[in-house]
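A.B. asks:
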Amino acid sequence: MSEWKEKPPKGEAGMSETDLMVLEDIQSRIYTLRGVQVMLDSNLAVCYGVEVRRLNEQVKRNKERFPEAFCFQLADDDMDILKSQIATSSDVRNLKSQFATSRWGGRRTKPYAFTEQEKVA
Numbered sequence: 057m058s059e060w061k062e063k064p065p066k067g068e069a070g071m072s073e074t075d076l077m078v079l080e081d082i083q084s085r086i087y088t089l090r091g092v093q094v095m096l097d098s099n100l101a102v103c104y105g106v107e108v109r110r111l112n113e114q115v116k117r118n119k120e121r122f123p124e125a126f127c128f129q130l131a132d133d134d135m136d137i138l139k140s141q142i143a144t145s146s147d148v149r150n151l152k153s154q155f156a157t158s159r160w161g162g163r164r165t166k167p168y169a170f171t172e173q174e175k176v177a
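In our numbering, the protein residues as written are 57 to 177.
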């Protein structure tokens, strides 16, 4: 006979504490670039459970499915803005390995940013 487990307490809007933690984790991975909210390829890959390089391969192979208004590669200015957002974040988890280094001494390409909407300034 299986044991009944108590359901986690409900938080705001009827969400469990676990759901709220997941939501907060996702929200902490959203940044503002070019006037829109974006998620980096590395964070999106984690959400989908795939490797970053596989995600980026699909973007390159299927450019018609990823218009620039939905997905763009960061420019130098974007990188500076992003670094400042990560450094000033109140959530320390954001600081861990956003720009993960490879055995060659760093990321070889600039990250892609994915927007929720198709609006990029």
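Each residue gets a CB set at the ideal place from its N, CA and C atoms; glycine is no exception.
Remember, it's a predicted structure, so these values are computed and weren't measured experimentally.
Rank 109, 141, 81, 98 by C-alpha distance to the C-alpha of residue 170 and give the top, closest one.
C.D. replies: Among 109, 141, 81, 98, the Cα nearest to that of residue 170 is on 98.
A.B. asks: With DSSP collapsed to three states, give me the class of residue 72.
C.D. replies: DSSP places residue 72 in strand when its eight states are reduced to three.
A.B. asks: Throw me the rounded Cβ distance for the residue 138 and residue 104 pair, which I believe falls under 8 Å.
C.D. replies: Their Cβ separation, rounded to whole angstroms, is 21 Å, which puts residue 138 and residue 104 out of contact at 8 Å.
A.B. asks: Within the same chain, show all residues whose beta-carbon is closer than 8 Å to that of residue 127, passing over the 5 residues directly before and after it, in chain order.
C.D. replies: So the qualifying residues of the chain are 115, 168, 169, 170, 171.
A.B. asks: Out of 91, 131, 92, 100, state which residue places its alpha-carbon closest to the alpha-carbon of residue 81.
C.D. replies: Answer by Cα proximity: 100.
A.B. asks: Quick check on the burial criterion: 16 or more other C-beta atoms within 10 angstroms. Buried or exposed for residue 121?
C.D. replies: Answer is exposed; the Cβ neighbour count stays below 16.
A.B. asks: Is residue 106 buried or exposed, if buried means 16 or more other CB atoms sit within 10 Å of its CB?
C.D. replies: Counting Cβ neighbours within 10 Å, residue 106 comes out exposed, since fewer than 16 surround it.
A.B. asks: Comparing alpha-carbon positions, which option in 108, 165, 109, 131 lies nearest residue 89?
C.D. replies: Nearest option by C-alpha distance: 131.
A.B. asks: So, with DSSP's three-state summary, where would you put residue 131?
C.D. replies: Coil, per DSSP.
A.B. asks: For residue 177, count neighbouring Cβ atoms within 10 angstroms of its own Cβ and tell me buried if that reaches 16, exposed if not.
C.D. replies: Note that residue 177 has pLDDT 49, beneath the 50 cutoff, so the model's placement of it is unreliable and the number below is only indicative. By the neighbour-count rule (16 or more Cβ atoms within 10 Å), residue 177 is not buried but exposed.
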